[in-house]
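Undergrad:
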Ligand SMILES: [Ca+2]
Ligand SMILES: [Ca+2]
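Residue numbers (our numbering), protein chains in the order written: chain A, 39 to 193; chain B, 171 to 626; chain C, 171 to 626.
Written as structure tokens, this is what we have:
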């Protein structure tokens with residue numbers, strides 16, 4: 039998708055200009071600053087496991103593949119939390135993978151789903167503020183995934 | 171271009187809205203709310219649009235305004251579209267005037283000026299679902315919603331309507347401080363409590379116990395439901411104490427011995443079903459999948475950098491891309507075709523049901539003319555009452571079966587069976603009608619599939 | 171998304187394997203194929219398992235083997251489960267022996283030993299769907315499939331079966347060289363050609379023109395379809411020349427004036443519907459969404475590093491995670507509950523339909539006994555023929571409505587209407603039956619939603 043990659047070019051350009059920071063919108067600053075960081079979170083690393091291939095293949099075709107890698111959606115933003123979580127997942131996945139004992143098709147668990155939902159909100163805060171602002175008062179928040187399940191990859 | 175675009179998005183986004191005015195629990199006028207939430211207010215105002223779909227939307231039929239009825243246009247008459255309806259409801263106000271429903275903006279005037287008002291005097295209760303009632307109820311009850319409700323219900327309609335100024339407004343669905351959704355309708359507060367009780371949940375309080383997603387359906391369930399007026403206090407009641415499936419509602423009405431009117435030709439103590447969207451929808455696959463009314467009828471829409479709920483509440487077929495395509499990646503034509511296929515099947519059965527019930531009505535009329543006694547007509551009338559309510563349940567429901575396609579077809583199938591049996595009973599005193607089918611359960615030694623435990 | 175998902179699955183089917191042995195167009199024995207494809211062969215052999223679900227699977231009922239019938243167990247008798255079926259099919263072989271169907275491994279023996287064989291002599295045609303016929307047909311036709319088909323059809327069953335050694339085997343669905351799917355059944359080759367012709371596609375050749383996803387359904391459609399034997403050549407024919415909706419099939423039978431048997435009590439020239447899985451499924455939302463039989467009945471399963479199609483063809487309810495969860499993320503209990511809810515609704519209507527038709531049969535029997543002439547019974551019998559076929563269409567279809575839930579309910583609703591009208595016609599010569607409902611089309615000035623063009 040050349041269109042998207044060019045977009046990506048633009049996005050990182052803005053990042054360089056630091057406009058994102060100026061605008062002071064956390065989610066996007068984080069995103070823009072990260073262009074390079076993608077390399078450190080190479081999706082291919084996840085797909086070291088063939089069982090992740092389906093997601094990887096679909097991710098390449100998703101609206102997000104130029105803007106969000108696996109870990110942007112599957113690990114918390116906070117630096118330490120992120121690596122702890124990765125470790126947790128990594129460990130869990132390795133065990134599961136080697137033991138081969140896991141539910142198929144693979145399904146996201148409650149913990150990871152919460153992480154992911156959080157990540158949506160962080161990046162899209164500007165867009166969803168309006169629909170989310172009043173949600174604080176509600177005992178349960180709106181699930182993004184319910185409608186946008188496939189933005190990262192088909193399942 | 172995109173760069174700029176993103177910039178703009180960000181600025182606008184910085185703060186979704188400014189609170190230009192303070193909203194209180196007495197702020198009834200949506201225009202005032204609109205100062206804080208102009209986008210939602212714009213959508214809200216667009217409910218005046220009249221566009222029709224195959225079975226929904228509405229069609230503007232021009233008319234000469236009179237002082238008796240100043241409306242310059244109404245929605246098309248369903249009685250003219252299907253003359254059988256006049257026989258169907260003969261003797262009841264609905265046989266005089268019944269129109270396709272239209273946008274929320276019209277709810278108050280359409281209720282005031284429907285000829286049903288002349289046909290028979292109506293109580294203040296009617297306003298519960300046709301006006302912005304939160305403030306009027308609170309005022310009338312000196313701060314007690316239920317008291318106010320009980321006070322306005324028994325008043326003559328003309329009296330009660332003096333208290334009402336707007337169609338449903340922001341304050342009827344929202345908390346003015348937090349904008350969180352809230353149920354303000356006594357009918358639903360009590361109805362859902364009775365329903366939950368029937369499911370073993372005591373003293374259910376919807377405003378504190380419902381999830382946000384449930385609220386996105388319940389605010390609509392405040393009005394899009396079957397109802398009746400209980401006792402001389404004309405208390406608005408939703409017949410859900412035994413459940414909300416059509417058979418459970420019928421069981422409830424049998425138990426309280428309610429009838430809406432006596433059919434003019436058939437002499438049957440009949441029931442009228444009214445817009446049971448909430449009830450039928452609840453039996454469908456979407457409800458079962460946690461989809462809410464607002465998901466399809468108020469889908470999110472992009473306004474600049476923000477996403478807001480489209481407050482132009484209308485037929486999703488007029489807004490398929492937002493209403494359906496986030497969840498279903500099929501082309502718009504395909505999604506529309508799926509709805510039409512479901513509606514077409516429902517419509518065929520609805521017409522068979524209508525023919526059967528109308529046929530039974532004519533047979534009953536003949537039998538009465540032939541001097542048959544009420545005792546002799548008992549069975550046929552019992553079948554008529556039941557069959558007509560079931561046909562009406564789908565007829566009055568406004569999605570032509572889409573909200574719960576197989577359930578709608580099942581209801582109509584049962585209705586046809588009962589109506590035809592009524593005709594048989596009239597022609598043959600020895601005919602043994604069967605309310606329930608012979609149910610041969612598969613042999614007990616059934617190995618249920620992994621966790622096949624039936625969910626109700 | 172789900173569409174994408176299906177594409178995904180396609181890729182995965184490409185699997186590397188060792189050619190241990192060479193497979194030719196004469197290699198009939200699945201065990202030989204199994205040398206190259208042990209995983210698929212293992213699954214294939216597991217179709218001997220007998221596990222029952224609420225409405226599907228099968229239950230092993232032990233019996234004393236005899237030389238006349240050496241089977242140590244059969245599936246449960248549907249006639250014992252629902253005695254009404256004996257009246258329903260009175261005078262036809264199905265009233266003698268009709269059992270729940272079971273796995274592919276049994277298809278040949280179950281056909282050989284069913285008491286229906288004694289009840290009336292059967293032709294070689296029967297084998298078309300109960301054995302591995304590709305090689306036998308080719309041999310009998312000296313390399314010409316259709317010739318072989320025409321040669322075996324008219325033979326007495328006992329004669330024809332000598333040519334057959336296996337139940338459906340690898341070669342019946344696969345090209346031995348490429349393993350690509352292929353249709354080897356003359357009945358389907360000709361049936362689908364007739365169907366496509368009715369849709370304006372001339373000379374359709376399924377093996378060259380069907381997409382891979384379509385083939386994943388068509389290989390099953392070779393046998394899981396309604397059929398009849400045409401003329402004295404007993405040519406197997408699928409009644410699709412006017413379409414595959416139940417009304418279109420009925421129209422076809424009316425035109426060719428076919429009857430399967432004359433009902434013993436009712437004297438009606440009746441039709442027997444048989445396993446119209448392909449036909450009913452085609453009317454459902456899954457077919458419409460491009461889902462294939464194999465997606466649910468032969469789902470991909472991981473065997474080590476590769477994903478293979480589970481050749482243990484069976485009820486998806488016994489394998490919900492693989493069969494459903496690739497597309498539906500709901501828990502297994504929930505998915506089972508959804509199927510049971512759909513099947514339960516269908517079952518209620520199926521039982522009403524059965525009662526109505528059986529009632530009509532008894533009325534006709536009385537009328538005959540009372541000396542009514544064929545002329546006087548014409549209307550009632552016409553309604554009986556139609557109603558019974560429609561009930562049987564859903565009864566004989568094996569998903570209890572799941573394959574097309576609303577369509578199954580619609581068919582049964584129409585059937586009940588017709589059967590009850592038949593009973594009315596018998597009691598009242600002046601009763602005017604209505605085959606078609608009064609169809610009031612919404613007023614023409616309809617504004618169709620964006621691209622609402624009906625898709626058929
Ligand atoms: Ca409307
Ligand atoms: Ca079976």
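Heads up, the beta-carbon is just placed ideally off N, CA and C, and yes, glycines get one too.
#1: May I have a chain-ordered list of the beta strand (DSSP E) segments no shorter than 3 residues that lie completely inside the segment 466-520 of chain B?
#2: On the premise that residue 327(B) lies in contact with residue 369(B), defined as a C-beta separation below 8 Å, what is that separation, rounded to the nearest angstrom?
#3: What three-state label does DSSP hand residue 399(B) in the structure shown?
#4: Along the segment 130-146 of chain A, what residues have a CB closer than 8 Å to any CB found in chain C?
#5: What does the Cβ neighbour count give for residue 423(C), buried or exposed, with the cut at 16 atoms within 10 Å?
#6: Measuring straight from C-alpha to C-alpha, what distance separates residue 321(B) and residue 553(B)?
#7: For a contact defined as C-beta to C-beta under 9 Å, what are the partners of residue 586(C) on chain B?
#8: Of all Cβ atoms in chain A, is any one closer than 9 Å to the Cβ of residue 492(C)?
#9: Would the C-beta of residue 571(B) count as close to ligand 1, meaning under 8 Å from any of its heavy atoms?
#10: With three or more C-beta pairs closer than 8 Å as the rule, is the segment 535-555 of chain B touching the segment 388-406 of chain B?
#11: Please determine if the segment 425-432 of chain C and the segment 312-321 of chain C are in contact, where contact requires at least 3 C-beta pairs separated by less than 8 Å.
#12: Throw me the rounded Cβ distance for the residue 464(B) and residue 479(B) pair, which I believe falls under 8 Å.
#13: If we count Cβ pairs, one from each stretch, closer than 8 Å, do we get three or more for the segment 378-395 of chain B versus the segment 519-530 of chain B?
#14: Taking 9 Å as the CB-CB limit, is residue 184(A) close to chain B?
#15: Please write down, chain order preserved, every residue whose beta carbon lies under 6 Å from a heavy atom of ligand 1.
#16: For residue 553(C), which beta-bridge partners are listed by DSSP?
#17: Assuming residue 349(B) contacts residue 376(B) under a Cβ cut-off of 8 Å, what Cβ separation, rounded to an integer in Å, is found between them?
#18: Pick out whichever of 397(C), 214(C), 416(C), 285(C) has its Cα sitting closest to the Cα of residue 408(C).
#19: Per the contact definition of three or more C-beta pairs closer than 8 Å, is the segment 288-304 of chain C in contact with the segment 327-344 of chain C?
#20: Report whether the distance from the Cβ of residue 367(C) to the nearest heavy atom of ligand 2 is below 8 Å.
#21: Nearest CA to the CA of residue 244(C): which residue from 236(C), 235(C), 238(C), 230(C)?
#22: Residues of chain A with CB under 7 Å from residue 273(B), in chain order?
#23: If we ignore side chains and look at the alpha-carbon of each, how far apart do residue 486(C) and residue 106(A) end up?
#24: What are the start and end residues of the alpha helix (DSSP H) that includes residue 363(B)?
#25: Count the other C-beta atoms from every protein chain shown that fall within 10 angstroms of the C-beta of residue 201(B), then say buried if there are 16 or more, exposed otherwise.
#26: Does any heavy atom of ligand 2 sit closer than 8 Å to the C-beta of residue 568(C)?
#27: Given that a residue counts as buried once 16 or more other Cβ atoms are within 10 Å of its Cβ, and exposed if not, what is residue 343(C)?
#28: Residue 132(A) by DSSP, collapsed to three states: which one?
#29: Does DSSP put residue 88(A) in a helix, a strand or coil?
#30: Would you mind listing the alpha helix (DSSP H) stretches within the segment 182-236 of chain C that are 4+ residues and don't spill past its ends, in chain order?
#31: Under 7 Å Cβ-Cβ, which residues of chain A neighbour residue 475(C)?
#32: Any idea what DSSP makes of residue 351(B), helix, strand or coil?
#33: At a Cβ cut of 9 Å, what residues of the segment 366-389 of chain C count as close to chain B, listed as they run along the chain?
#34: State the Cα-Cα distance for the pair residue 441(B) and residue 467(B), rounded to the nearest angstrom.
#35: What's the call for residue 75(A), buried or exposed, on a 16-neighbour Cβ count within 10 Å?
#36: Give me the residue from 203(C), 239(C), 594(C) with the minimum Cα distance to residue 214(C).
TA: Judging by the given coordinates:
#1: 470-473, 476-479
#2: The sequence position of residue 369(B) within the second chain is 199, counting from 1. The sequence position of residue 327(B) within the second chain is 157, counting from 1. In fact, because the Cβ distance is near 35 Å, the residues do not count as touching under 8 Å.
#3: Locating residue 399(B) in the second chain gives position 229, counting from the first residue. Correct three-state label for residue 399(B): strand.
#4: 141, 142, 143, 145
#5: One-based indexing of the third chain puts residue 423(C) at position 253. Residue 423(C) is buried by the Cβ-count criterion.
#6: Locating residue 321(B) in the second chain gives position 151, where the first residue counts as 1. Locating residue 553(B) in the second chain gives position 383, where the first residue counts as 1. For residue 321(B) and residue 553(B), the distance between alpha carbons rounds to 38 Å.
#7: The residue labelled residue 586(C) in the question sits at position 416 within the third chain. The contacting residues are 583, 584, 586, 587, 590.
#8: For the purposes of this step, residue 492(C) is taken as residue 322 along the third chain, with counting starting at 1. By this cut-off, residue 492(C) is an interface position.
#9: Indexing the second chain from 1 puts residue 571(B) at position 401. It does not: the Cβ of residue 571(B) is nowhere closer than 8 Å to a heavy atom of ligand 1.
#10: no
#11: no
#12: Numbered from its first residue, the second chain carries residue 464(B) at position 294. Numbered from its first residue, the second chain carries residue 479(B) at position 309. Confirmed, Cβ separation roughly 6 Å.
#13: no
#14: Working through the first chain from its first residue, we reach residue 184(A) at position 146. Closer than 9 Å: yes.
#15: 226(B), 227(B), 228(B), 270(B), 271(B), 272(B)
#16: Start at 1 with the first residue of the third chain, and residue 553(C) comes out as number 383. Residue 553(C) is not bridged to any residue.
#17: As a working note, residue 349(B) is residue 179 in the second chain. As a working note, residue 376(B) is residue 206 in the second chain. Not a contact, Cβ separation roughly 18 Å.
#18: Start at 1 with the first residue of the third chain, and residue 408(C) comes out as number 238. Checked all of 397(C), 214(C), 416(C), 285(C); the closest Cα to residue 408(C) is 397(C).
#19: yes
#20: Residue numbering aside, residue 367(C) sits at position 197 when the third chain is read from its first letter. Flag unset: Cβ of residue 367(C) not near ligand 2.
#21: As a working mapping, residue 244(C) is identified with position 74 in the third chain. Looking at the Cα atoms, 230(C) is the closest of the given residues.
#22: Start at 1 with the first residue of the second chain, and residue 273(B) comes out as number 103. Under the 7 Å cutoff, chain A gives no residues; its nearest Cβ is about 23 Å from residue 273(B).
#23: For this step, residue 486(C) is matched to residue 316 along the third chain. For this step, residue 106(A) is matched to residue 68 along the first chain. So the alpha carbons of these two residues sit roughly 36 Å apart.
#24: Sequence index remark: in the second chain, residue 363(B) carries index 193 (1-based). Residue 363(B) -> alpha helix (DSSP H) spans 356-368.
#25: Translated into the one-based positions of the second chain, residue 201(B) becomes position 31. It is exposed - the Cβ of residue 201(B) has fewer than 16 other Cβ atoms within 10 Å.
#26: In the third chain, the residue the question calls residue 568(C) occupies position 398. Indeed, a heavy atom of ligand 2 lies less than 8 Å from the Cβ.
#27: Taking the first residue of the third chain as 1, we reach residue 343(C) at position 173. Buried.
#28: Residue mapping note: residue 132(A) aligns to position 94 of the first chain, counting from 1. Correct three-state label for residue 132(A): helix.
#29: Here the question's residue 88(A) lines up with position 50 in the first chain. DSSP places residue 88(A) in helix when its eight states are reduced to three.
#30: 200-206, 208-215
#31: Position 305 of the third chain holds residue 475(C). Those are 88, listed as they occur along chain A.
#32: Counting from one through the second chain, the residue named residue 351(B) turns up at place 181. Residue 351(B) falls in the strand class under three-state DSSP.
#33: none
#34: Stepping through the second chain from its first residue, residue 441(B) is reached at position 271. Stepping through the second chain from its first residue, residue 467(B) is reached at position 297. Going from the Cα of residue 441(B) to the Cα of residue 467(B) covers about 29 Å.
#35: Here the question's residue 75(A) lines up with position 37 in the first chain. Its pLDDT being 39, under 50, residue 75(A) is placed unreliably in this model, and the coordinates cannot settle the point.
#36: For the purposes of this step, residue 214(C) is identified with residue 44 of the third chain, where counting begins at 1. The option with the nearest alpha carbon to residue 214(C) is 203(C).
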